[in-house]
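Participant: If you read the sequences in order, they're chains A and B. So the first sequence is numbered by full-length UniProt numbering: it starts at 1 and just counts up by one. So the second sequence is numbered by full-length UniProt numbering: it starts at 1 and just counts up by one. This is the structure I have questions about; it appears just below.
Protein chains: 2
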Amino acid sequence: MSGSVPGQVNPPSRLLMGPGPITADPRVLRAMSAPLVGQFDPWMTATMTEVMGLYREVFKTANEQTFLVDGTSRAGIEAALVSLIEPGDRVLVPVFGRFGHLLVEIAERCGAEVHTVEAPWGEVVEPEVVEHAVRRVRPKVLAVVQGDTSTTMCQPLADLGEICRAHDVLFYCDATASLGGNVFETDLWGLDVATAGLQKCLAGPSGSSPITISDKAAAVINARKHVEAGIRADDDIDHGARIASNYLDLAQVMDYWGPRRLNHHTEATTMLYGARECARLLVEEGMDGAVARHELHGRAMLEGVRGLGLGVFGDVAHKMHNVVAVEIPESLGAEGGDKARAAMLDDFGIEIGTSFGPLHGKVWRIGTMGFNARKDTVLVTLAALEQVLRGCGVPLTAGGGVGAAREVYAS
Amino acid sequence: MSGSVPGQVNPPSRLLMGPGPITADPRVLRAMSAPLVGQFDPWMTATMTEVMGLYREVFKTANEQTFLVDGTSRAGIEAALVSLIEPGDRVLVPVFGRFGHLLVEIAERCGAEVHTVEAPWGEVVEPEVVEHAVRRVRPKVLAVVQGDTSTTMCQPLADLGEICRAHDVLFYCDATASLGGNVFETDLWGLDVATAGLQKCLAGPSGSSPITISDKAAAVINARKHVEAGIRADDDIDHGARIASNYLDLAQVMDYWGPRRLNHHTEATTMLYGARECARLLVEEGMDGAVARHELHGRAMLEGVRGLGLGVFGDVAHKMHNVVAVEIPESLGAEGGDKARAAMLDDFGIEIGTSFGPLHGKVWRIGTMGFNARKDTVLVTLAALEQVLRGCGVPLTAGGGVGAAREVYAS
Numbered sequence: 001m002s003g004s005v006p007g008q009v010n011p012p013s014r015l016l017m018g019p020g021p022i023t024a025d026p027r028v029l030r031a032m033s034a035p036l037v038g039q040f041d042p043w044m045t046a047t048m049t050e051v052m053g054l055y056r057e058v059f060k061t062a063n064e065q066t067f068l069v070d071g072t073s074r075a076g077i078e079a080a081l082v083s084l085i086e087p088g089d090r091v092l093v094p095v096f097g098r099f100g101h102l103l104v105e106i107a108e109r110c111g112a113e114v115h116t117v118e119a120p121w122g123e124v125v126e127p128e129v130v131e132h133a134v135r136r137v138r139p140k141v142l143a144v145v146q147g148d149t150s151t152t153m154c155q156p157l158a159d160l161g162e163i164c165r166a167h168d169v170l171f172y173c174d175a176t177a178s179l180g181g182n183v184f185e186t187d188l189w190g191l192d193v194a195t196a197g198l199q200k201c202l203a204g205p206s207g208s209s210p211i212t213i214s215d216k217a218a219a220v221i222n223a224r225k226h227v228e229a230g231i232r233a234d235d236d237i238d239h240g241a242r243i244a245s246n247y248l249d250l251a252q253v254m255d256y257w258g259p260r261r262l263n264h265h266t267e268a269t270t271m272l273y274g275a276r277e278c279a280r281l282l283v284e285e286g287m288d289g290a291v292a293r294h295e296l297h298g299r300a301m302l303e304g305v306r307g308l309g310l311g312v313f314g315d316v317a318h319k320m321h322n323v324v325a326v327e328i329p330e331s332l333g334a335e336g337g338d339k340a341r342a343a344m345l346d347d348f349g350i351e352i353g354t355s356f357g358p359l360h361g362k363v364w365r366i367g368t369m370g371f372n373a374r375k376d377t378v379l380v381t382l383a384a385l386e387q388v389l390r391g392c393g394v395p396l397t398a399g400g401g402v403g404a405a406r407e408v409y410a411s
Numbered sequence: 001m002s003g004s005v006p007g008q009v010n011p012p013s014r015l016l017m018g019p020g021p022i023t024a025d026p027r028v029l030r031a032m033s034a035p036l037v038g039q040f041d042p043w044m045t046a047t048m049t050e051v052m053g054l055y056r057e058v059f060k061t062a063n064e065q066t067f068l069v070d071g072t073s074r075a076g077i078e079a080a081l082v083s084l085i086e087p088g089d090r091v092l093v094p095v096f097g098r099f100g101h102l103l104v105e106i107a108e109r110c111g112a113e114v115h116t117v118e119a120p121w122g123e124v125v126e127p128e129v130v131e132h133a134v135r136r137v138r139p140k141v142l143a144v145v146q147g148d149t150s151t152t153m154c155q156p157l158a159d160l161g162e163i164c165r166a167h168d169v170l171f172y173c174d175a176t177a178s179l180g181g182n183v184f185e186t187d188l189w190g191l192d193v194a195t196a197g198l199q200k201c202l203a204g205p206s207g208s209s210p211i212t213i214s215d216k217a218a219a220v221i222n223a224r225k226h227v228e229a230g231i232r233a234d235d236d237i238d239h240g241a242r243i244a245s246n247y248l249d250l251a252q253v254m255d256y257w258g259p260r261r262l263n264h265h266t267e268a269t270t271m272l273y274g275a276r277e278c279a280r281l282l283v284e285e286g287m288d289g290a291v292a293r294h295e296l297h298g299r300a301m302l303e304g305v306r307g308l309g310l311g312v313f314g315d316v317a318h319k320m321h322n323v324v325a326v327e328i329p330e331s332l333g334a335e336g337g338d339k340a341r342a343a344m345l346d347d348f349g350i351e352i353g354t355s356f357g358p359l360h361g362k363v364w365r366i367g368t369m370g371f372n373a374r375k376d377t378v379l380v381t382l383a384a385l386e387q388v389l390r391g392c393g394v395p396l397t398a399g400g401g402v403g404a405a406r407e408v409y410a411s
């Protein structure tokens, strides 16, 4: 610093229309400025219990074990996998984008023998392919992403749940990008563990990962419970192979959120307030209403980019409601996609997303989720995109994007 | 929920005078309501770099690798240990309270061969004892807590740093409870890795863990770097044994905060804003000033409880400035300590702390830290404690606590 201290945080005004994080709902941020209370204050433990109830609504589950992992969505994924998987366990991962690769990576670090079935980017995985692999691999866990923002695809899960039930496989899903904006049925689909984050359709900031765990999965995890030396009671008995992480040990975290209230981490209270408000707003709207809202504005954005004459990547029938992959016009040239994105940000204050891996330089990803699943955000983004592309010399129909979106809203 | 949706979060007013979390500085909470920006927005990456600079000031270090781990203080501890330790490595842990046991537990889960030297609760570990153990064990890592809130002791670290340097041992310190309120000299003391949390003397909420890593430790960690499959470049080469965690893999997190800006987790931006404000306020005050403030108010609280006629647990010469362990008067009986604590909370809105393990039921822990290291909080706590104890029939000198604290302030 050499003597100078920076001023208060003062972010530029941005409309975040990428694949997430998106602009948080101001009500969520305001809830986060509420004062702290103590970790075991009766009000605090009651509020934790209340949050568990709210997330049961969000996940559509009766699972007692429904709570928050204190970290980003990736912490929730790792907590699920490291707590379920013992070294040497077989895990099957259907991969159809970057976040499938992440599940593979994390499962490997847990010591799993990982098998994959892959679909090309822009497609989802067929249930028959998964069933065939399940019969061959006989995995302990099937781990799959519902919505992979890298490709915008939304994997159907009901059939996979049937397969897992039939073959006694634990079914884990990373619903970070999809929950709240697409139908998600924990109990109906037979999911054993699902995790999410706040920074997509839940309209909050990254930093807390809601999780739900079936009784069956909880029993598997508790069969490996080792209570910490510093706080163990005389009748605590160690079970099974110790979970490789302490921080992400769900057996311990369940004892912290459960009636025993056994000390673990110091709850990230401000994130808990935020997570509570995210769920509260969704429950108030109704989960079906929230999904319908994402469907409407996602469709308006889809028709809008088509109305501008732009192509859309991937199997649109399986697209998540909340994000679309827009083909960068070839006339923009190799670096033109990034230049247009920069112009959107610098001149209009609107962020749209770049892409990973095989799609890098080929598509922009435009989100309509959470607080930004709104008519005004869709129309202003399309209007700005038209201006930017015209400035880059891309031929397009004046008003074609906004017009097509307006038609969706009018119908 | 059965149809009813709870209202906005509405915590009761509490003055948190326990061992932490404490009442967050309202300026920190307000900073956290700032709107989000995108993860790789130039303003965001510049702000991350600014935060690195601020925490170099807080940790008193020139370490390039100084940043935030996205989780509670415990996530920072585990990130440090899982990234440094390979299975089979020897780790030495001086244990003088609960959080020493936590270091043992986490190091064991990393697969370390853990050795300990222990001091009785209420004392610190002598450097000669540590040196003797280092010669015997020849550990790769010495892992120690600076301030263990379970006993209030503050372990001197300068001598341990000398020992580590002489024997080529990596020196890790958990400074969660002490940083900001007690002298901490990362570079002067030869620390290789130190981690903290926001919820103690940093005056913020739990949920972000500042960390600093020496070049030497960074080289050890980077010798185990494996870039994620989904984002790796053609010239990325895997090194060494893969770190067991992805979320807490500091080799990856360094690439995320560093010039390569390689995607990892989605930064918990709201927690980053909070962590930035915590550091900014400390740097504005000056680290020496912050330590002096904690020393003053800690001394006033210490003299105040003595002035009430209460005993103080442990070796006061090695007490952290920011917390005191107060012996529960025997006349209160077995459950009286908890009853008095409940009366402090219910009648006066003031939280003081209970205790763990061998001290359970024997001492209260009263903190004076962060936003609550103030004269008014000290005096109001002493005044309320006097009323509660009198109500419980404990004989004490009227005004003795507040009077003794006032004398500290007057001198």
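Note that CB positions come from ideal geometry on N, CA and C, so glycine has one too.
(1) Which whole-angstrom value is the C-beta distance of B/G403 and B/G307, which I expect to be below 8 Å?
(2) Please report how far the alpha carbon of A/V69 lies from the alpha carbon of B/E407, in whole angstroms.
(3) First and last residue of the beta strand (DSSP E) that includes B/L68?
(4) Consider the Cβ of A/L191: report whether some Cβ of chain B lies at a distance smaller than 8 Å.
(5) Please report how far the alpha carbon of B/S2 lies from the alpha carbon of A/V312, in whole angstroms.
(6) Could you spell out the range, first to last residue, of the alpha helix (DSSP H) harbouring B/A79?
(7) Under 8 Å Cβ-Cβ, which residues of chain B neighbour A/N246?
(8) Between which two residues does the alpha helix (DSSP H) containing A/T186 stretch?
(9) Say whether chain A places a C-beta atom closer than 8 Å to the C-beta of B/L29.
(10) Classify B/H132: buried if its beta carbon has 16 or more other beta carbons within 10 angstroms, exposed otherwise.
(11) For the region 103 to 189 of chain B, list the alpha helix (DSSP H) runs that are entirely contained and at least 4 residues long, ordered along the chain.
(12) How far does the beta strand (DSSP E) with B/V5 in it extend, from its first residue to its last?
(13) What are the partner residues of B/V312, as DSSP defines its beta bridges?
(14) What are the residues of the region 256 to 267 of chain B that lie near chain A, defined by any Cβ-Cβ distance shorter than 8 Å?
(15) When you compare each of A/D41, A/A31, A/S206, A/G190 to B/G71 by their alpha carbons, which one comes out closest?
(16) For A/P87, count neighbouring C-beta atoms within 10 Å of its own C-beta (all shown protein chains included) and say buried if the count is 16 or more, exposed if not.
(17) If you reduce the DSSP assignment to three classes, tell me which class B/L198 lands in.
(18) Given that a residue counts as buried once 16 or more other Cβ atoms are within 10 Å of its Cβ, and exposed if not, what is residue 412 of chain B?
(19) Taking the continuous alpha helix (DSSP H) assigned at B/L382, which residues delimit it?
(20) Count the other CB atoms within 10 Å of the CB of A/S13; is the residue buried (16 or more) or exposed (fewer)?
(21) Using a beta-carbon distance cut-off of less than 9 Å, what residues from the region 35 to 52 of chain B approach chain A?
(22) Taking only the alpha-carbon atoms, compute the straight-line gap between B/R165 and B/D148 and give it to the nearest angstrom.
(23) Over what stretch of residues does the beta strand (DSSP E) that includes A/L92 continue unbroken?
(24) Alpha carbon to alpha carbon, what distance is there between A/R135 and B/A34?
(25) So for B/K225, helix, strand or coil by DSSP?
(26) Excluding the 5 residues flanking B/S150 on each side, which residues of the same chain have their C-beta closer than 6 Å to its C-beta?
(27) Give the secondary structure of A/I243 by DSSP, where H, G and I count as helix, E and B as strand, and everything else as coil.
(28) How long is the line joining the alpha carbons of B/G353 and A/F371, rounded to whole angstroms?
(29) Using C-beta distances below 8 Å, list every residue in its chain close to A/P156, excluding the 5 sequence neighbours before and after it, in chain order.
(30) Tell me, please, whether the CB atom of A/I85 is closer than 8 Å to any CB atom in chain B?
(31) Compute the beta-carbon to beta-carbon distance between A/D89 and A/K140, rounded to the nearest angstrom, for a pair I have assumed lies under 8 Å.
(32) So, do the region 284 to 291 of chain B and the region 179 to 187 of chain B have three or more beta carbon pairs nearer to each other than 8 Å?
(33) Within the same chain, show all residues whose beta-carbon is closer than 7 Å to that of A/L396, passing over the 5 residues directly before and after it, in chain order.
(34) Quick check: what's the CA-CA separation for B/D236 versus B/T47?
(35) Alpha carbon to alpha carbon, how far is B/M344 from A/V28?
(36) Run through chain B and tell me which residues come within less than 7 Å of A/Y23, C-beta to C-beta.
Facilitator: Concretely, from the data shown:
(1) Taking the second sequence and counting its residues from 1, the one referred to as residue 403 of chain B is at position 403. Taking the second sequence and counting its residues from 1, the one referred to as residue 307 of chain B is at position 307. At roughly 6 Å, the Cβ-Cβ gap stays under 8 Å, so B/G403 and B/G307 are in contact.
(2) Working through the first sequence from its first residue, we reach residue 69 of chain A at position 69. Working through the second sequence from its first residue, we reach residue 407 of chain B at position 407. For A/V69 and B/E407, the distance between alpha carbons rounds to 46 Å.
(3) Taking the second sequence and counting its residues from 1, the one referred to as residue 68 of chain B is at position 68. 65 to 69 is the extent of the beta strand (DSSP E) around B/L68.
(4) On the first sequence, residue 191 of chain A is found 191 positions in, with the first residue counted as 1. A/L191 does not count as touching chain B.
(5) What you label residue 2 of chain B is simply residue 2 of the second sequence in a count that begins at 1. What you label residue 312 of chain A is simply residue 312 of the first sequence in a count that begins at 1. At B/S2, the pLDDT of 48 sits below 50, so the modelled position is not reliable; the number obtained from the coordinates is stated separately. Straight-line Cα distance between these residues: approximately 41 Å.
(6) Taking the first residue of the second sequence as position 1, residue 79 of chain B is located at position 79. Taken as a continuous stretch (DSSP letters only), the alpha helix (DSSP H) holding B/A79 covers 73 to 84.
(7) For this step, residue 246 of chain A is matched to residue 246 along the first sequence. Residues of chain B passing the Cβ test: R74, E78, L102, E105, I106, R109.
(8) Walking along the first sequence from the start, residue 186 of chain A turns up at place 186. Element bounds for A/T186: n/a, residue is neither H nor E.
(9) On the second sequence, position 29 is the one that residue 29 of chain B refers to. Yes, contact with chain A.
(10) Taking the first residue of the second sequence as position 1, residue 132 of chain B is located at position 132. The residue is exposed, with fewer than 16 neighbouring Cβ atoms inside 10 Å.
(11) 127 to 137, 158 to 167
(12) Against the second sequence, residue 5 of chain B aligns to sequence position 5. First-last for B/V5: undefined, no H or E at that position.
(13) For the purposes of this step, residue 312 of chain B is taken as residue 312 along the second sequence, with counting starting at 1. Note: B/V312 sits in a beta bridge opposite B/V326.
(14) N263, H264, H265, T266, E267
(15) Here residue 71 of chain B refers to the residue found at position 71 of the second sequence. Nearest C-alpha to B/G71: A/S206.
(16) Locating residue 87 of chain A in the first sequence gives position 87, where the first residue counts as 1. Counting Cβ neighbours within 10 Å, A/P87 comes out exposed, since fewer than 16 surround it.
(17) To locate residue 198 of chain B, count along the second sequence from 1; it is residue 198. Here B/L198 sits in coil by DSSP.
(18) No statement about residue 412 of chain B is possible, as the shown extent of chain B runs from 1 to 411 and does not include it.
(19) Numbered from its first residue, the second sequence carries residue 382 of chain B at position 382. Per DSSP, B/L382 belongs to the alpha helix (DSSP H) from 375 to 391.
(20) For this step, residue 13 of chain A is matched to residue 13 along the first sequence. It is exposed - the Cβ of A/S13 has fewer than 16 other Cβ atoms within 10 Å.
(21) P35, L36, V37, G38, Q39, F40, D41, P42, W43, M44, T47, E50
(22) On the second sequence, residue 165 of chain B is found 165 positions in, with the first residue counted as 1. On the second sequence, residue 148 of chain B is found 148 positions in, with the first residue counted as 1. Distance between the alpha carbons of B/R165 and B/D148 is about 24 Å.
(23) On the first sequence, residue 92 of chain A is found 92 positions in, with the first residue counted as 1. It spans 90 to 95 - the beta strand (DSSP E) in which A/L92 sits, taken as one unbroken run.
(24) For this step, residue 34 of chain B is matched to residue 34 along the second sequence. For this step, residue 135 of chain A is matched to residue 135 along the first sequence. Cα to Cα, B/A34 sits roughly 51 Å from A/R135.
(25) What you label residue 225 of chain B is simply residue 225 of the second sequence in a count that begins at 1. In the structure shown, B/K225 sits in coil (DSSP, three-state: anything other than H, G, I, E or B).
(26) Along the second sequence, read from residue 1 onward, the residue named residue 150 of chain B stands at position 150. Within the same chain, B/S150 has close Cβ partners G97, R98, F356.
(27) Taking the first residue of the first sequence as position 1, residue 243 of chain A is located at position 243. In the structure shown, A/I243 sits in coil (DSSP, three-state: anything other than H, G, I, E or B).
(28) As a working note, residue 353 of chain B is residue 353 in the second sequence. As a working note, residue 371 of chain A is residue 371 in the first sequence. So the alpha carbons of these two residues sit roughly 40 Å apart.
(29) One-based indexing of the first sequence puts residue 156 of chain A at position 156. Excluding sequence neighbours, A/P156 sits near V124, P127, H318.
(30) Translated into the one-based positions of the first sequence, residue 85 of chain A becomes position 85. No, because no Cβ of chain B sits closer than 8 Å to the Cβ of A/I85.
(31) The count along the first sequence starts at 1 and reaches residue 89 of chain A at position 89. The count along the first sequence starts at 1 and reaches residue 140 of chain A at position 140. That pair is a contact at about 4 Å.
(32) yes
(33) Looking up residue 396 of chain A in the first sequence gives position 396. Cβ neighbours of A/L396 beyond the five flanking positions: L308, G309, E386, L389, R390.
(34) Locating residue 236 of chain B in the second sequence gives position 236, counting from the first residue. Locating residue 47 of chain B in the second sequence gives position 47, counting from the first residue. When rounded, the distance between both Cα atoms is 27 Å.
(35) Taking the first residue of the second sequence as 1, we reach residue 344 of chain B at position 344. Taking the first residue of the first sequence as 1, we reach residue 28 of chain A at position 28. Taking the straight line from one Cα to the other gives about 31 Å.
(36) Numbered from 1 along the first sequence, position 23 holds the residue referred to as residue 23 of chain A. Looking at the sequence itself, residue 23 of chain A is Thr, so the reference to Tyr does not match. The answer, in chain order, is P35, L36.
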